[in-house]
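Chains as they are written, first to last, in full-length UniProt numbering: chain S, 1 to 229; chain V, 1 to 229. Worksheet for the structure shown next.
There are 2 protein chains.
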Amino acid sequence: MTNENSNPDQRPYHHGDLQRAIVDAALEVLSESQSTEFSLRELARRAGVSHNAPYKHFADKRELLAAVSAVGFEALARQMSDATRGLASPRERLAAMARAYICGGVNNPALYRLMFGGYLTDQQSDRPAIERTAAYRMKALVVGAISDGALGRLIPHTAANERMIDGAILIFWSQMHGLTLLLVDRLVGPGEAMRELSDIVLQGILDGLANSIPVLPEGAWVGPPLAGK
Amino acid sequence: MTNENSNPDQRPYHHGDLQRAIVDAALEVLSESQSTEFSLRELARRAGVSHNAPYKHFADKRELLAAVSAVGFEALARQMSDATRGLASPRERLAAMARAYICGGVNNPALYRLMFGGYLTDQQSDRPAIERTAAYRMKALVVGAISDGALGRLIPHTAANERMIDGAILIFWSQMHGLTLLLVDRLVGPGEAMRELSDIVLQGILDGLANSIPVLPEGAWVGPPLAGK
DNA sequence: CCGAAAAGTTGACAATAGCAACATTGAGCT
DNA sequence: AGCTCAATGTTGCTATTGTCAACTTTTCGG
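Next comes the structure, spelled out in structure tokens:
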């Protein structure tokens, strides 16, 4: 029987869930320092283990950061999902998602940069499956709102509409992504006007897309590349 | 008389222009490795000087990377400027700038991320003056195209139009910025369709802005914050 | 022509990433 | 139970790095 509460000061040899503890510590340090340049040893210290224990769970720092990034994607997907819960109007759902997306970035720039800043992307390696899953969930939410009429008319999610929906998402996503990063980098501001600015931009997009939606060319994709290639 | 060409193999005690050499080496390594995690010592080695020589020109690594970033901003400003040279149509000028911007990012993602990825932004310190200068130049080009009629009607660059022009730039810039980063991170693709995708997106924006241009609220800004605050 | 400042060098220190060898524990098998 | 073994954690080590301090060589202004 493993009872790690019996003796608070006498940590058992085995931590219980170091993997989780290390990732949590990383999220903490990342939020505090807003930098990915912390040391694995620092995390080990925070978790109260020896400097090399993390290596039993992560091959190297890159792998650890990938895990942190994955947690970030899951959190973002959840926040976007939660934000739309109970909203009947598809347009309102889309707006809520956009706000949640921007908020997520502004509230933790370093995490957002880690997620999207190509720490893994640089290598030719694919993104972890868990990230892709979260990303697909986010995309599905957006697709749902669009097909439900967020752009002024119903656009059923059929094969015929696929490239048009992707066209709309390309515009919508890149606009929100860009705004988020400009806010984060304080190249537009002030941060307090985040909500106001994002609504202005969103308004512009929705109006534009209501008039005409581009169709993506053959072979173009939006979202994390499929696993195979 | 200092003649550093007289004896190729006998490097003089003083390098001549180490500052420049270090920055050049950094740009090289950055382009090759697509990562800012190189060592100052590596740069010193490449420049053929001792491991501490760079510290006579840069207080620390951050300062060196700031200098690299500044060079990147200058290059980007020049590329955008060159791209518009000789184009009479303001709309074409705007499109050319957008393409140059995106190209710059896709051709050297690591540099682009360094420039916009808040290596300096994290600290409360302002961006170097040289960066702000380049940024203002870029913004001036965009303002020029817009006021010349890139959005379908002339919008003179007057105080009355200031917040409307900034509104247009907010949309235009964040859209291009987002598209660039999504391309860089391969979250949209393929890279070969860069030109096609950016033209599609640009088209959507210009059409949208031709219909209505948002007016930014009081206190909002677009571009690097002014020096004072 | 001299003295100080600029530019470069050598040597040191603490911290880090990551490897290897060793120690401890718990889970499965008999 | 008792044994075994893989998972987990630890200690010790090496190579590398950022940065400081002290020293040397040039260059340049007065």
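C-beta atoms are modelled at their ideal positions from N, C-alpha and C, and glycine is treated no differently.
Using the beta-carbon count (16 or more within 10 Å), is residue i buried or exposed?
i: S:GLU32; result: exposed
i: S:THR180; result: buried
i: S:LYS56; result: exposed
i: V:ALA67; result: buried
i: S:GLY219; result: exposed
i: S:MET115; result: buried
i: S:SER198; result: buried
i: V:GLY167; result: buried
i: S:PRO214; result: buried
i: V:SER69; result: buried
i: V:ARG113; result: buried
i: V:ALA150; result: buried
i: S:GLY204; result: buried
i: S:ASP185; result: buried
Rounded to whole angstroms, what is the Cα-Cα separation between residue i and residue j?
i: V:VAL71; j: S:ILE155; result: 46 Å
i: V:THR36; j: S:GLY117; result: 12 Å
i: V:VAL188; j: V:TYR101; result: 17 Å
i: V:MET164; j: V:THR121; result: 27 Å
i: S:ALA128; j: S:CYS103; result: Per the sequence shown, residue 128 of chain S should be read as Pro rather than Ala. The alpha-carbon atoms of S:PRO128 and S:CYS103 are separated by roughly 24 Å.
i: V:HIS157; j: V:ALA135; result: 18 Å
i: V:GLY105; j: V:ARG99; result: 10 Å
i: V:LEU64; j: S:LEU27; result: 28 Å
i: V:VAL222; j: S:SER212; result: 27 Å
i: S:LEU216; j: S:PHE73; result: 26 Å
i: S:ALA96; j: V:ARG62; result: 37 Å
i: V:ASP207; j: V:ARG91; result: 11 Å
i: V:ASN7; j: V:ALA53; result: A caution first: V:ASN7 carries a pLDDT of 41, below 50, which makes its placement in the model unreliable, though a value can still be read off. Near 22 Å, if we compare the C-alpha coordinates of V:ALA53 and V:ASN7.
i: V:ARG132; j: S:ALA21; result: 42 Å
i: V:GLN171; j: S:SER174; result: First, the amino acid is wrong: residue 171 of chain V is Ile here, not Gln. Each residue's alpha carbon lies about 11 Å from the other.
i: V:GLY86; j: V:PRO224; result: 28 Å
i: V:THR2; j: V:PRO109; result: Because the pLDDT at V:THR2 is just 37, under 50, the model does not fix this residue reliably, and the point stays unresolved.
i: S:SER147; j: V:GLU162; result: 37 Å
i: V:GLY152; j: S:ARG78; result: 41 Å
i: S:GLU42; j: S:HIS51; result: 8 Å
i: S:LEU23; j: S:ASP126; result: The residue asked about is misnamed: residue 23 of chain S is Val in this sequence, not Leu. Rounded to whole angstroms, S:VAL23 to S:ASP126 spans 21 Å at the Cα level.
i: S:TYR119; j: S:SER89; result: 37 Å
i: S:HIS15; j: S:ALA160; result: 53 Å
i: V:ILE169; j: V:LYS139; result: 8 Å
i: S:ALA75; j: S:ASP82; result: 10 Å
i: V:ILE130; j: V:THR84; result: 22 Å
i: S:GLY191; j: V:VAL143; result: 23 Å
i: V:ALA44; j: V:GLN34; result: 19 Å
i: V:ALA210; j: S:ALA145; result: 26 Å
i: S:PHE38; j: V:ASN107; result: 29 Å
i: S:ARG137; j: V:ARG137; result: 41 Å
i: S:ILE200; j: V:ILE200; result: 21 Å
i: S:GLU196; j: V:GLU196; result: 32 Å
Could you tell me the boundaries of the alpha helix (DSSP H) in which residue i lies?
i: S:ASP185; result: Run containing S:ASP185: none; DSSP gives neither H nor E here.
i: V:VAL68; result: 61–84
i: S:LYS139; result: 129–145
i: S:ASP24; result: 18–33
i: S:GLU196; result: 194–211
i: S:ASN107; result: 90–107
i: V:ARG41; result: 40–47
On the premise that residue j lies in contact with residue i, defined as a C-beta separation below 8 Å, what is that separation, rounded to the nearest angstrom?
i: S:LEU141; j: S:MET194; result: At roughly 21 Å, the Cβ-Cβ gap does not stay under 8 Å, so S:LEU141 and S:MET194 are not in contact.
i: V:HIS177; j: S:LEU202; result: Contact doesn't hold; Cβ gap of about 16 Å is too wide.
i: S:LEU30; j: S:LEU111; result: 6 Å
i: V:LEU18; j: V:VAL49; result: 6 Å
i: residue 278 of chain S; j: S:ALA25; result: Any property of residue 278 of chain S remains undetermined from this structure, which presents chain S solely from 1 to 229.
Is residue i near the ligand ADP - that is, is its Cβ less than 6 Å away from at least one heavy atom of it?
i: V:VAL71; result: Only the bare structure without any ligand can be found here, which leaves the ligand ADP out of the picture.
Against chain V: residues of the stretch 141–174 of chain S by CB proximity under 8 Å
Listed by position along the chain: GLY167, LEU170, ILE171, TRP173 and SER174.
- Query: Using Cβ-Cβ distances below 8 Å, what residues of the stretch 181–206 of chain V are close to chain S?
  - Reply: LEU181, LEU182, VAL184, ASP185, ARG186, LEU187, VAL188, GLY189, PRO190, ALA193, GLU196, LEU197, ILE200, VAL201, GLN203, GLY204 and ILE205
Inset, instruction - Using a Cβ-Cβ cut-off of less than 8 Å, give me the residues of the stretch 92–121 of chain V that come near chain S, in sequence order. - result: PRO109, ALA110, ARG113, PHE116, GLY117, GLY118 and THR121
**Q.** Members of the stretch 30–45 of chain V that neighbour chain S once the beta carbon cut-off is set at 7 Å
**A.** GLN34 and SER35
| What residues in the stretch 212–228 of chain S bring their beta carbon closer than 7 Å to a beta carbon of chain V? | SER212, PRO214, PRO217, GLY219, ALA220, TRP221, VAL222, GLY223, PRO224 and PRO225
At a Cβ cut of 7 Å, what residues of the stretch 61–94 of chain V count as close to chain S, listed as they run along the chain? none
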